[in-house]
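Asks:
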Amino acid sequence: MRAVSSSDASSFNVAIRFYFDQIASSGVSDYSTLRLYRRAGTGNTWTEITAGLTKTATYIEVSGLTSFSEFAFGGDVDNPLPVELVNFQAKVKSRSALLSWETKTEVDNSGFEVERMDKDGDWKKVAFIEGHGTSNSTKYYSFEDKKLSSGKHSYRLKQIDNDGTVSYSEVLDVSIDLPAEFALSQNYPNPFNPSTKVDYQLAADSRVTIELYGITGERVAVLVNQEQEAGYYTMMIDSYTHRMASGIYIYRMIATDAAGKNFVATKKLSLLK
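Residue numbers are given in this note's numbering: position 141 of the sequence shown equals residue 201, and the series is strictly consecutive.
#1: On a Cα-Cα basis, can you pick out the residue from 191, 188, 214 that is closest to residue 180?
#2: Taking the alpha carbon of residue 265 as the reference point, which residue from 242, 95, 177 has its own alpha carbon closest?
#3: Pull the bridge partners of residue 114 from the DSSP assignment, please.
#4: With respect to 6 Å, is the separation between the Cβ of residue 200 and the closest non-hydrogen atom of the ligand ADP below this value?
#5: What three-state label does DSSP hand residue 304 in the structure shown?
#6: Can you give the beta carbon distance from residue 11 to residue 151, rounded, assuming they're within the 8 Å contact cut?
#7: Using the C-alpha atoms, what's the distance from residue 209 back to residue 191?
#8: What does the alpha-carbon distance come out to for the pair residue 228 and residue 148?
#9: From the DSSP output, read off the bridge partner residues of residue 244.
#10: Rounded to the nearest angstrom, what separates residue 316 and residue 310 at their Cα positions?
#11: Taking all protein chains shown into account, do 16 or more other C-beta atoms lie within 10 angstroms of the C-beta of residue 225, making it buried, or fewer, making it exposed?
#12: Between the alpha carbons of residue 285 and residue 168, how many angstroms are there, rounded?
#13: Are residue 97 and residue 106 closer than 7 Å when you measure CB to CB?
#14: Given a cut-off of 7 Å on the beta-carbon distance, is the pair residue 300 and residue 239 in contact?
#15: Which same chain residues, not among the five before or five after residue 74, have their C-beta less than 6 Å away from its C-beta?
#16: Taking the continuous beta strand (DSSP E) assigned at residue 218, which residues delimit it?
#17: Less than 7 Å separating the beta-carbons of residue 130 and residue 95?
#18: Under the three-state reduction of DSSP, which class applies to residue 238: helix, strand or coil?
#19: Measuring straight from C-alpha to C-alpha, what distance separates residue 115 and residue 153?
#20: Is residue 152 helix, strand or coil by DSSP?
#21: Could you pull the DSSP bridge partners for residue 172 from this structure?
#22: Going by Cα to Cα distance, which pick from 333, 76, 184, 110 is closest to residue 128?
#23: If residue 217 sits next to residue 188, beta carbons under 8 Å apart, how far is it from one beta carbon to the other, in whole angstroms?
#24: Helix, strand or coil: how does DSSP classify residue 285 here?
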């Protein structure tokens, strides 16, 4: 409700037009239900104005006014917010952020963009979850953001109406812990063509070497050879870059931490052209 008041007590007979702007009408989904009310002052009863009214989609005009008072918009039915978002939560499961939220009501809801802040502080879309359009019952949503790097990650929801209007949720943070142990994962997909990915993790800052060998023992490529901080990593193996023919290959990881302790792991992969 927005109230309009004036202390001007001069005599007049005028018409006043009350326009709806984006702020004043925020949350109004049915303008036909709006009514115009007046009261003499604070503590007095609001009385609906029924005479001399002209209503459009953008304003209400009342004529024949001979005195000022407080005016306000109201209605005889609810004007729900386009989307009433509640219970937005973020939890951590291993390397994943589990996001969940509910809506109590929806009006022309296209859906939600899930956004994550990148290292430069910019918001990036990571998923779009389709909405339920218009609904007066509770709806439940969820999204899992997988294989996150260690550290803090910030999320928000960008709710989009069918007409393109957007609104944003609060920002939630999750923290992914550093890995507790060294590990080298099986490539995926496997078999592959033309490229595949390999995940590995470091429990401590280490000198990391990962090499690719043919089944007969010849070295095909050095995939990683550098100092890396503790955390989670993903690398790509491309058959065209390394001129790989169809067959079985072996990739080996050696990670040496500051104390000189070595972690060594070996896996096989299959290229099918």
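Where a beta carbon is used, it is the ideal one built from N, C-alpha and C, also for glycine.
Source: prediction; values computed, not measured.
Replies: According to the data block:
#1: 214
#2: 242
#3: 121
#4: Looking at this structure, you won't find the ligand ADP or any other ligand, since it has none at all.
#5: coil
#6: For residue 11 there is no data in the structure shown, the boundaries of the chain being 61 and 333.
#7: 29 Å
#8: 12 Å
#9: 260
#10: 20 Å
#11: exposed
#12: 53 Å
#13: yes
#14: no
#15: 125
#16: 211 to 221
#17: no
#18: coil
#19: 54 Å
#20: strand
#21: 189, 219
#22: 76
#23: Residue 217 to residue 188, Cβ: 11 Å. No contact.
#24: strand
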